[in-house]
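Just below is one structure, and these are the notes that go with it.
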Amino acid sequence: MKASGTFSFSDIIIPLCMGITVLAVYIYTLCPTVYLIDSGELAAVSYTLGIAHPTGYPLYTLISYLFARAPGEPIVNANIFSAALSVIAALLMYAIARRLTRDRMAALLPALLFAFAPTIWRISITNEVYPLTAVFTVLILLLLQKTSSMRRAYILLYCIGLAFTNHIIIFSIALPVIIYLLITRRPAFKHIFYGIILCLLGLSLYIYLIARYAGSAVLAWGGTYNVERLLWHITGKQYQVWMFTLSMNEILNNFVQGLGMIARNFLYVFLIPVIAGFIHLYRTARSSFWLYTSIVAINFLYAVNYSIPDIESYYIPAFCALVIVSIHGLARAQRYLKWYTVLPAGILIMLVNHNACSLRHTTFADDFSRAHFEPLPANSLVICTFWDIYSPALYFQHVKDQRTDLVIIDKELLRRTWYIHYLKRTYPAFYAQGQSAIEAYLPELMKFEYGEPYNPQVIQTRYIQMLQTFIVTHLTANDVYLVMPYPDNDLCQIKFEYPLVPYGFVFRIQKDTTSFHPFDFSRVTIHNPVHAYDERLIHNRDLVKRMVQGNISYMMQHNDTTAAIKAQQWLTDFTVD
Numbered sequence: 000m001k002a003s004g005t006f007s008f009s010d011i012i013i014p015l016c017m018g019i020t021v022l023a024v025y026i027y028t029l030c031p032t033v034y035l036i037d038s039g040e041l042a043a044v045s046y047t048l049g050i051a052h053p054t055g056y057p058l059y060t061l062i063s064y065l066f067a068r069a070p071g072e073p074i075v076n077a078n079i080f081s082a083a084l085s086v087i088a089a090l091l092m093y094a095i096a097r098r099l100t101r102d103r104m105a106a107l108l109p110a111l112l113f114a115f116a117p118t119i120w121r122i123s124i125t126n127e128v129y130p131l132t133a134v135f136t137v138l139i140l141l142l143l144q145k146t147s148s149m150r151r152a153y154i155l156l157y158c159i160g161l162a163f164t165n166h167i168i169i170f171s172i173a174l175p176v177i178i179y180l181l182i183t184r185r186p187a188f189k190h191i192f193y194g195i196i197l198c199l200l201g202l203s204l205y206i207y208l209i210a211r212y213a214g215s216a217v218l219a220w221g222g223t224y225n226v227e228r229l230l231w232h233i234t235g236k237q238y239q240v241w242m243f244t245l246s247m248n249e250i251l252n253n254f255v256q257g258l259g260m261i262a263r264n265f266l267y268v269f270l271i272p273v274i275a276g277f278i279h280l281y282r283t284a285r286s287s288f289w290l291y292t293s294i295v296a297i298n299f300l301y302a303v304n305y306s307i308p309d310i311e312s313y314y315i316p317a318f319c320a321l322v323i324v325s326i327h328g329l330a331r332a333q334r335y336l337k338w339y340t341v342l343p344a345g346i347l348i349m350l351v352n353h354n355a356c357s358l359r360h361t362t363f364a365d366d367f368s369r370a371h372f373e374p375l376p377a378n379s380l381v382i383c384t385f386w387d388i389y390s391p392a393l394y395f396q397h398v399k400d401q402r403t404d405l406v407i408i409d410k411e412l413l414r415r416t417w418y419i420h421y422l423k424r425t426y427p428a429f430y431a432q433g434q435s436a437i438e439a440y441l442p443e444l445m446k447f448e449y450g451e452p453y454n455p456q457v458i459q460t461r462y463i464q465m466l467q468t469f470i471v472t473h474l475t476a477n478d479v480y481l482v483m484p485y486p487d488n489d490l491c492q493i494k495f496e497y498p499l500v501p502y503g504f505v506f507r508i509q510k511d512t513t514s515f516h517p518f519d520f521s522r523v524t525i526h527n528p529v530h531a532y533d534e535r536l537i538h539n540r541d542l543v544k545r546m547v548q549g550n551i552s553y554m555m556q557h558n559d560t561t562a563a564i565k566a567q568q569w570l571t572d573f574t575v576d
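Under numbering that gives the first Met the number 0, think of the first position of the sequence shown as 0, with each following residue one higher.
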């Protein structure tokens with residue numbers, strides 16, 4: 000081992016080889032197209048330099064714009080951007096481990112454990128905002144170890160402010176770090192003042208949201224045209240119905256699931272050095288012990304009170320803190336961490352987690368969304384109740400310029416004023432047809448958004464009337480379809496003049512009631528994912544089976560056994576794909 004402060008060629012070649020290897024694994028397992036949940040929306044926002052769902056993610060949007068606009072497929076470029084960010088985070092984790100262990104090979108193991116943990120690996124192969132959060136989390140903890148001077152502390156505080164412009168979950172590390180600095184460094188008032196200014200300077204990037212709304216961004220979530228609406232968007236006012244409203248049983252269930260996620264990230268056995276690390280820090284560095292304990296506790300307190308599909312990524316700050324604690328716990332075993340133990344361990348970690356993380360050749364989200372829209376007649380209206388279908392459609396229409404003849408509406412987003420303006424800009428002719436119903440609904444919606452007294456029955460009635468107007472006026476010249484994998488309470492309140500019939504993966508409002516038109520499943524292709532460990536992916540795959548079965552039942556009701564047999568064969572091929 001070299002003495003402290005010395006530098007050798009190995010200090011470059013080892014992290015370089017690690018970074019190249021991790022990047023190669025990420026690229027090999029990269030999702031080749033859009034994925035589920037927010038992937039399509041984020042890709043469209045990146046490509047058009049728009050405003051994403053709360054909290055807006057201005058820093059991610061600005062950087063990913065450069066990747067999305069680079070030569071090649073925009074979504075693939077965006078996915079590669081995620082991979083590159085996670086490699087940077089892994090290298091920063093290596094730097095922390097190298098500093099703590101003073102040993103290059105010993106530092107490699109926690110860095111590889113971090114890079115190939117499911118929570119990190121899964122966000123590294125699709126376009127997501129979380130890899131940038133991972134970078135900031137590890138960077139802040141690295142800078143914290145180098146704050147011997149106020150100049151470095153200022154850089155740290157600026158990074159904290161900048162990190163908030165990517166994801167608000169960073170507060171679970173920012174708060175403990177700032178308190179730690181105040182207690183251990185005891186800075187003078189002027190240094191605190193300068194630190195606040197630099198933190199606000201980093202936060203100032205949120206001005207982008209106002210600027211892009213003023214610049215008529217195609218996708219402009221939140222309608223951030225003033226400071227009030229900007230704060231609504233930053234604080235996620237739209238999503239607060241899912242925050243801190245859960246029952247105690249739901250919170251306890253989320254807590255158990257969170258513990259399970261963390262344990263799986265450490266492959267259970269690596270929890271031993273985590274425990275040893277906490278014991279070591281408690282005995283030798285009490286302030287660091289409380290720092291990392293606070294990060295984990297605050298992160299869990301927030302995450303267990305939040306109910307969203309991609310909650311796993313919300314545990315990134317806790318996971319990063321625990322990896323660093325494990326480095327302290329590996330101190331007594333450091334003499335065993337040689338190349339012949341570390342490299343096989345790193346390969347084993349990668350192999351164990353591969354199937355649970357890989358999205359290689361997984362085109363399911365792209366296929367499933369296209370299967371809803373591509374078979375539809377020109378100029379149809381599609382009212383969508385399922386985000387996993389609508390989000391990729393944003394990418395198809397705004398990036399790939401595909402099926403722009405369709406009017407595709409997300410039913411739930413109609414409860415937000417910014418989305419009404421989006422419809423006006425994107426589908427002006429359609430908007431004009433339903434303008435009277437929209438104008439009757441908007442004043443009530445404004446009351447709801449601004450927290451003014453409103454009558455729930457009135458706003459719901461006008462909402463349903465607006466939906467009915469959209470359908471009735473569009474049916475006069477074109478077809479109307481509903482993406483409704485589950486019964487919908489709002490759409491059930493609409494009085495349909497014609498029957499709803501299954502048509503592939505959508506429901507068609509059947510104007511011609513005298514004839515029967517079964518869906519030809521040979522017109523669509525959906526590749527069954529090779530690896531389906533993602534619960535969301537499994538859920539959507541099951542939806543495919545259920546919806547095809549619904550079509551088969553409809554065909555049999557009309558005694559069309561030929562169409563039913565073809566549909567059954569398609570389902571069989573999909574199941575064994």
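All C-beta atoms in this analysis are idealised placements derived from N, C-alpha and C, irrespective of residue type, glycine included. Keep in mind it's a predicted model, so treat the numbers as computed, not measured.
Review point. From the DSSP output, which residues share a beta bridge with Tyr-502?
Key: Val-505
(message) Quick check on DSSP: helix, strand or coil for Tyr-305?
(response) strand
Distance check for Asp-541 and Tyr-485, CA to CA, integer angstroms please. Approximately 13 Å, taken between the alpha carbons.
What distance in whole Å lies between the Cβ atoms of Pro-57 and Leu-204, which are believed to be in contact at a cut-off of 8 Å? Leu-204 to Pro-57, Cβ: 5 Å. Contact.
Q. Just how far apart, CA to CA, sit Asp-309 and Met-17?
A. 28 Å
Per-residue DSSP class, three states only, for Ile-36 = In the structure shown, Ile-36 adopts coil according to DSSP, grouped into three states.
* To do: Could you work out which residue in Lys-510, Gln-464, Tyr-440 is closest to Tyr-453 when comparing CA atoms only?
  => Tyr-440
Discussion item. Tell me the DSSP secondary structure of Ala-219 in three-state form.
Written reply: DSSP places Ala-219 in the strand class (E or B) of the three-state scheme.
| said: Mapping the DSSP letters down to three states, classify Leu-481 as helix, strand or coil. | reply: strand
Handout entry: Residues sharing a beta bridge with Cys-319, DSSP
Key = DSSP output for Cys-319 lists no bridge partner at all.
Residue range of the alpha helix (DSSP H) that Ile-261 falls in?
-> 247 to 264
- Query: When DSSP builds the beta bridges, which residues end up paired with Asp-409?
  - Reply: Cys-383
key: Close-in-space but distant-in-sequence residues of the same chain around Thr-574 (CB under 8 Å, 5 per side omitted)   = Leaving aside the five residues that flank Thr-574 on each side, the residues in its chain whose CB is nearer than 8 Å to its CB run, in chain order, Asn-527, Lys-544.
* Name the residue from Ile-388, Gly-194, Thr-47 whose alpha carbon lies nearest to the alpha carbon of Ala-216. => Thr-47
Which partner residues does Ile-50 have in the DSSP bridge list? Ala-219
**Request:** For the alpha helix (DSSP H) containing Leu-375, list its first residue and its last residue.
**Result:** Here Leu-375 belongs to no alpha helix (DSSP H), and DSSP marks it neither H nor E.
Q. What residue range is occupied by the uninterrupted alpha helix (DSSP H) comprising Ala-566?
A. 560 to 575
Quiz prompt | Cα-Cα separation between Asn-126 and Ile-169, rounded to whole angstroms | solution = 19 Å
Original post:
Where do the N-terminal and C-terminal ends of the alpha helix (DSSP H) with Glu-451 fall, by residue?
Top reply: Here Glu-451 belongs to no alpha helix (DSSP H), and DSSP marks it neither H nor E.
Rounded straight-line distance, which links the Cα of Lys-399 to that of Ile-407
15 Å
**Request:** Run through the segment 135 to 204 for me and flag every whole alpha helix (DSSP H) of 4 or more residues, listed as ranges in chain order.
**Result:** 149 to 163, 170 to 184, 188 to 202
Query raised in the report: With C-beta atoms as the reference, is Gly-194 less than 8 Å away from Ala-152?
Result: In contact: Gly-194 and Ala-152 (Cβ atoms closer than 8 Å).
* Asked: Taking three-plus beta-carbon pairs below 8 Å as touching, is the segment 27 to 36 in contact with the segment 357 to 370?
  -> yes
**Message:** Please classify Leu-336 as buried or exposed, where buried requires at least 16 other C-beta atoms within 10 Å of its C-beta.
**Reply:** buried
| said: So for Thr-468, helix, strand or coil by DSSP? | reply: helix
Backbone CA spacing between Leu-466 and Trp-386 [nearest angstrom] | Taking the straight line from one Cα to the other gives about 18 Å.
Handout entry: CB contact flag (Arg-211, Gly-221, <8 Å)
Key = No.
Exercise. Can you say whether Gln-556 is buried or exposed, counting buried as having 16 or more other CB atoms within 10 angstroms of its CB?
Key: exposed
Notebook entry, point to check: Looking at the structure shown, is Met-0 part of a helix, part of a strand, or coil, going by DSSP?
Noted result: Reliability of the predicted coordinates at Met-0 is poor, the pLDDT of 41 falling under 50, and the value obtained from them is presented with this limitation in mind. The answer is coil: DSSP assigns Met-0 none of H, G, I, E or B.
With DSSP collapsed to three states, give me the class of Val-547.
-> Looking at Val-547 - three-state DSSP - the assignment turns out to be helix.
Report all residues from its chain with a CB closer than 8 Å to the CB of Ser-3; omit the five preceding and five following residues, and keep chain order.
Note that Ser-3 scores a pLDDT of 46, beneath 50, so its modelled location is shaky and nothing firm can be said.
Below 8 Å, can you find three or more Cβ-Cβ pairs linking the segment 340 to 347 to the segment 362 to 376? no
Please state if the CB of Arg-185 and the CB of Gln-144 are separated by a distance shorter than 8 Å. no
Arg-68 by DSSP, collapsed to three states: which one? coil
What would DSSP say about Ile-493, mapped onto helix, strand or coil?
In the structure shown, Ile-493 sits in coil (DSSP, three-state: anything other than H, G, I, E or B).
Can you tell me where the alpha helix (DSSP H) holding Ile-12 begins and where it ends?
Here the alpha helix (DSSP H) through Ile-12 covers 9 to 27.
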